[in-house]
Amino acid sequence: MADNPYLAYLKSPQRGVTSSTNSDREPLFDFLSRKVKGRQVRKAMDHQLNPFTKQPHSAQYRKILEDRRVLPVYAQMDPFLKIFSKNQIMIIVGETGSGKTTQIPQFVAYSDLPHTKGKIVACTQPRRVAAMSVARRVADEMDVQLGKHVGYSIRFEDMTDPGTTFLKYMTDGVLLREAMNDKELSRYSTIILDEAHERTLATDILMGLLKDLARRRPDLKIIIMSATLDALKFQSYFSLHQPGEDPSPAPLFKVPGRTYPVEIFYTQEPEPDYVEAAIRAVLMIHRVENPGDVLLFLTGEEEIEDACRKIRLEADDLIRTNPSSVGPLMCIPLYSSLPPQQQQRIFDAAPKPIQEGYPPGRKVVVATNVAETSLTIDGIVYVVDPGFSKQKVYNPRIRVESLIVSPISKASAQQRAGRAGRTRPGKCFRLYTENDFNSGLDEQTHPEILRSNLANTVLQLAKLGIKDLVRFDYLDAPAPETLMRALELLNYLAALNDEGELTPLGSIMAEFPLDPQLAKMLIVSPEFKVSNEILTITAMLSVPTIWVRPLHQRAAADQAKTLLTVPEGDHLTMLNVYNTYLQNKSNHSWAWNNFVSARALAQAENVRAQLLGMMERFKIECISLEDERKRNLGIQQTLVRGFFMQVAHREGEAGTYLIVKDSQVVALHPSCDLDFRPEWVLFNEFVLTKRPYIRTVTAIQPEWLLEFAPAYFDLSTFPDDETKRALQRVAKKHRNSTSTRNESNKSDMRTDTQSTSAQAKPKAPKKKRNKKRRPKKGGSGLVYECTSRRQRDKSVERFSDYFDPALGFTESDYDRSD
DNA sequence: GAGCACTGC
């Protein structure tokens, strides 16, 4: 640090003494960290030299600076710097177009002078594209090379230069991951959480961490930036506690937006069929409104494709019956599972008139919620908002996340309407009554933390050193059962011990960017010598579906899939698809010819490489078994090690299944390729659509359940049904043959366990284990599961303080049916 | 015999 010219300068006795020669050479001449005034910043911005590179400013810099000067936030530089100087935490509210995302971090950099302290100013974004594109823009604005002084960091891509980068845009998830290994976030001088109103899981957890960290690190400044006016909530959450005084809310800084007015129209009566009403609204706009493109919000792919078809038909009809009254209409679907090339079509220009002098054409984009936050379409003048979207909900009782079409919030409706006023004044047609808007809609969309399975989050919190997960200072606390379910799962996976503390295994699991079940499975996979294969399967399960099934080629697609299918189950089929893809990599049409998504496979390759790097870091061997039969068996057994809580048993001959321990009746999803119906199956996913289905399914042997997860498969905790009786029969047989089988197993599959799980091996359990469990052979992953009933029940009692009787949550939900 | 709103590590 001694050779840092800025630091030397700040320490020099002449500091602050004005001298024209000094300030000519040094744009930040009289700057005092965090006491900088707007006048000083503006002068530095106008300086001939770039203060960060010492190079003369380019012509492009000056041109961009002119654009920046008209941003609403630019005019507020002085008050912003004043509040920033005086406070550790502040809240900023700025509507779209205020320029807060690009300008505030730069203002902070000029005041904080992170480069003089070897620190970084961080600005988080919920989405990767935003982090990348904003960083690129800001690098241009500051006249520096992207990845040098200004950079970004997202999964798979760290575009920063350690030691040089002092302004870093990043996804909220990346910052959360950094916090796991540096709890003080010591490299940052200021952390800005942008788009906080979106309330992503990562942002919510970060807010809790930062609130706590602010007390321990008085030198850390925190800025929460939000678009909507729920700022009051942030203000009181981050209120300041001075000793002996009442808490005062964190200071609020408001920036006006820069959008055009949007006129709102409501229906007189509620619409019984919103899709039909939406189509009518679009055609009405097309017939009677001035030129300008239309954006219609619907909920999903099927609905969108259907609506597009109908709109096109009707529009063709209109132009055929009266060609001079309306122009041609172009209808474009938009949802995220569309290939990027087709998504690009939303930027196409509206069609030209069919002949000169005839009405101009119009573009209609029919989109999901992607168009609400992620993608901005220029030129939209009319928005049609039926008021619904698909939202994730989590039901902890049945441990299932599902997508439900639900009414949107007021904030969401306002966001949608705003999309009509980006380039000129617009109109928004809401297909619900004004009364419904005022009294029927929630103010804000429920934050993600209230709608998600929190297994992953709880593991991360444990890794972050949060001792009491239930009393963590959440902005919105999740339902107690949701936390219970997460704790329960992590305990069964041996990531948390019975005291709810992180085990060494859990500590490694938390490092992997995977669901806990997948992380567990991957970490123990060398014990079965199939880690190479499990790695591939894990990567394949982490990307969107690889199967492509075009509407008009369904039979061909299904036939192609049959050729890739492995009879034992979908997991092995995925492995086969990946390997076949690698073998045919030189053939660029292979994916297309075989109806699989090249994009998803490339993503899987990427994920696989990242996970392989992490396995190396934790010295988890990547190995295969030669013999195909043994290999497949090993894979199936390893799957059980992670997913023993997701097992179903066939009921009679009808072909339906019962989820073990839950007694939930399910059917195999039609996409499953098990042509025989195995008695016992393990599934990756439970989906609740028209009926309950299990998806991505593999046949297993019931003995494995008793062997690998004895705590979970303690039959005395099971409901009295056919599944229990079947397991009892298996257990009896199992006991009779245990001694001989164990011997052969040891020599067959488990020879190298010591080396692979040396780091993951937890301390030996304190209490005596039940007899039926495997003997305490060193290194066996089984020790992770060796939790006696008594121990588990004790832990449940600890958690039971947080049950809410009003929710009808009973003891039997927690398998305490003694 | 059916579907994947949207992000993120």
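Heads up, the first sequence stops at 818 in full-length UniProt numbering, and the numbers go up one at a time, no gaps.
Think of the CB as a built atom: it goes at the ideal place given N, C-alpha and C, for glycine as much as any other residue.
Nearest neighbour of F31, chosen from K732, D246, L727 and Y110 [CA to CA]: Start at 1 with the first residue of the first sequence, and residue 31 comes out as number 31. It is Y110 whose Cα lies nearest to the Cα of F31.
Whole runs of the beta strand (DSSP E) within the segment 217-259, excluding any shorter than 3 residues: The DSSP assignment places 221-226 and 252-255 as complete runs of the beta strand (DSSP E) inside the segment 217-259, in order along the chain (cut-off: 3 residues).
Inter-stretch contact at 8 angstroms, needing at least 3 Cβ pairs: the segment 352-360 / the segment 390-397: Per the Cβ contact rule, the segment 352-360 is not in contact with the segment 390-397 (fewer than 3 Cβ pairs under 8 angstroms).
Environment of F265 [buried if 16+ CB atoms lie within 10 Å]: Along the first sequence, one-based indexing puts residue 265 at 265. The residue is exposed, with fewer than 16 neighbouring Cβ atoms inside 10 Å.
Cβ pair L496, L490 closer than 7 angstroms: Along the first sequence, read from residue 1 onward, the residue named residue 496 stands at position 496. Along the first sequence, read from residue 1 onward, the residue named residue 490 stands at position 490. Against a cut-off of 7 angstroms, the Cβ pair of L490 and L496 comes out as a contact.
CB contact flag (A591, A598, <7 angstroms): Counting from one through the first sequence, the residue named residue 591 turns up at place 591. Counting from one through the first sequence, the residue named residue 598 turns up at place 598. The answer is yes: Cβ separation under 7 angstroms.
Ranges of the alpha helix (DSSP H) found wholly within the segment 498-537, counting only runs of at least 4: Taken in chain order, the whole alpha helix (DSSP H) runs of length 4 or more contained in the segment 498-537 are 504-511 and 516-524.
Residue closest to residue 876, alpha-carbon to alpha-carbon, out of R127, M142, E271 and G118: Nothing about residue 876 can be reported from this structure: the residues present for the chain run from 1 to 818 only.
Of the residues A494, V384, H286 and K211, the one placed nearest P505, counting alpha carbons only: Along the first sequence, read from residue 1 onward, the residue named residue 505 stands at position 505. Note on identity: in this sequence residue 505 is Leu, with Pro being the wrong assignment. Closest by alpha carbon: A494.
Cβ-based neighbour list, P719, same chain, cut-off 6 angstroms, excluding 5 preceding and 5 following: Reading the first sequence from its first residue, position 719 is the one you call residue 719. The answer, listed in chain order, is S663.
Start-to-end residues for the alpha helix (DSSP H) that takes in E269: The residue labelled residue 269 in the question sits at position 269 within the first sequence. No alpha helix (DSSP H) holds E269; DSSP gives it neither H nor E.
Three-state class that DSSP yields for H669 in the structure shown: One-based indexing of the first sequence puts residue 669 at position 669. In the structure shown, H669 sits in coil (DSSP, three-state: anything other than H, G, I, E or B).
Assigned exposure category for I635 - 16 Cβ within 10 Å defines buried: Indexing the first sequence from 1 puts residue 635 at position 635. Answer is buried; the Cβ neighbour count reaches 16.
Among Y358, D293 and S336, nearest to I319 - alpha-carbon criterion: Numbered from 1 along the first sequence, position 319 holds the residue referred to as residue 319. Of the candidates Y358, D293 and S336, the residue whose Cα lies closest to the Cα of I319 is Y358.
Residue burial classification, K54 (beta-carbon count within 10 angstroms, cutoff 16): What you label residue 54 is simply residue 54 of the first sequence in a count that begins at 1. Classification of K54: exposed, given that the 10 Å Cβ count is below 16.
Exposure label - F238; buried when at least 16 CB within 10 Å: One-based indexing of the first sequence puts residue 238 at position 238. Looking at its Cβ environment, which holds 16 or more other Cβ atoms inside 10 Å, F238 is buried.
Whole-angstrom distance between G361 and R287, CA atom to CA atom: Walking along the first sequence from the start, residue 287 turns up at place 287. Walking along the first sequence from the start, residue 361 turns up at place 361. Here the C-alpha atom of R287 lies approximately 11 angstroms from the C-alpha atom of G361.
Beta-ladder partner(s) of Y657, from DSSP: The residue given as residue 657 occupies position 657 in the first sequence. In the DSSP output, where bridge partners are listed per residue, Y657 has R650 and V666.
L807 (DSSP reduced to helix, strand or coil): What you label residue 807 is simply residue 807 of the first sequence in a count that begins at 1. Note that L807 scores a pLDDT of 29, beneath 50, so its modelled location is shaky; the value from the coordinates is reported in the next line. In this structure, L807 counts as helix in the three-state DSSP scheme.
Beta-ladder partner(s) of K630, from DSSP: Against the first sequence, residue 630 aligns to sequence position 630. Paired residue(s): none; K630 is not in a bridge.
Touching by the beta-carbon criterion (3+ pairs, under 8 angstroms), the segment 185-197 and the segment 116-131: Contact holds: three or more Cβ-Cβ distances are below 8 angstroms.
For R789, three-class secondary structure by DSSP: Counting from one through the first sequence, the residue named residue 789 turns up at place 789. Caution is warranted here: a pLDDT of 29 is assigned to R789, below 50, making its placement in the model unreliable, and no coordinate value can be reported.
Whole-number beta carbon distance between G97 and G257, since they are thought to touch under 8 angstroms: Working through the first sequence from its first residue, we reach residue 257 at position 257. Working through the first sequence from its first residue, we reach residue 97 at position 97. Contact holds; Cβ gap of about 5 angstroms.
Euclidean distance between Cα positions of R424 and M132: Translated into the one-based positions of the first sequence, residue 424 becomes position 424. Translated into the one-based positions of the first sequence, residue 132 becomes position 132. Each residue's CA atom was taken as its position, placing R424 and M132 some 27 angstroms apart.
Validate contact between the segment 433-440 and the segment 277-286 using beta carbons, cut 8 angstroms, 3 pairs: Under the 8 angstroms Cβ criterion, the segment 433-440 does not count as touching the segment 277-286, having fewer than three qualifying pairs.
Close beta carbons around F107, own chain, < 8 angstroms, minus the five adjacent residues each side: The residue given as residue 107 occupies position 107 in the first sequence. By the criterion of a C-beta distance shorter than 8 angstroms, F107 is surrounded in its chain by V41, M77, F80, L81 and F84, once the five residues flanking it on both sides are discounted.
Stretch pair the segment 192-201 + the segment 213-232: three plus CB contacts closer than 8 angstroms: In short, these stretches touch, since the Cβ pair count reaches three.
As assigned by DSSP and simplified to three states, the class of F388: Indexing the first sequence from 1 puts residue 388 at position 388. Residue state, collapsed to three classes: strand.
Cα-Cα separation between P544 and R608, rounded to whole angstroms: Translated into the one-based positions of the first sequence, residue 544 becomes position 544. Translated into the one-based positions of the first sequence, residue 608 becomes position 608. Take the alpha-carbon of P544 and the one of R608: they are about 14 angstroms apart.
Local Cβ density within 10 Å of G163, reported as buried at 16 or more and exposed below that: Here residue 163 is taken as the residue at index 163 of the first sequence, counted from 1. Here G163 is exposed, its C-beta having fewer than 16 other C-beta atoms within 10 Å.
Per DSSP, cross-strand counterpart(s) of T171: As a working note, residue 171 is residue 171 in the first sequence. When beta bridges are read from the DSSP output, T171 appears opposite Q125.
Given K233 as reference, the closest of I694, A560 and I91 once Cα atoms are compared: Translated into the one-based positions of the first sequence, residue 233 becomes position 233. Ranked by Cα distance from K233, the options I694, A560 and I91 are led by I91.
P255 vs V381 beta-carbon contact at 7 angstroms: Mapped onto the first sequence, residue 255 falls at position 255. Mapped onto the first sequence, residue 381 falls at position 381. What sits at residue 255 in the sequence shown is Val, not Pro. Contact check for V255 against V381 fails: the beta carbons are separated by 7 angstroms or more.
Spatial neighbours of I346 in its chain, beta-carbon cut-off 6 angstroms, leaving aside the 5 residues before and after: The residue given as residue 346 occupies position 346 in the first sequence. Counting only Cβ-Cβ distances below 6 angstroms, and skipping sequence neighbours, we find I332, L334, V365 and I377.
Minimum C-alpha distance to E628 - residue among N290, V370, E184 and L572: To locate residue 628, count along the first sequence from 1; it is residue 628. Minimum Cα distance to E628 is reached at L572.
Contacting residues, own chain, Cβ-Cβ under 6 angstroms from H446 (five flanking each side not counted): By 1-based counting over the first sequence, the position of residue 446 is 446. Nothing listed; no residue qualifies.
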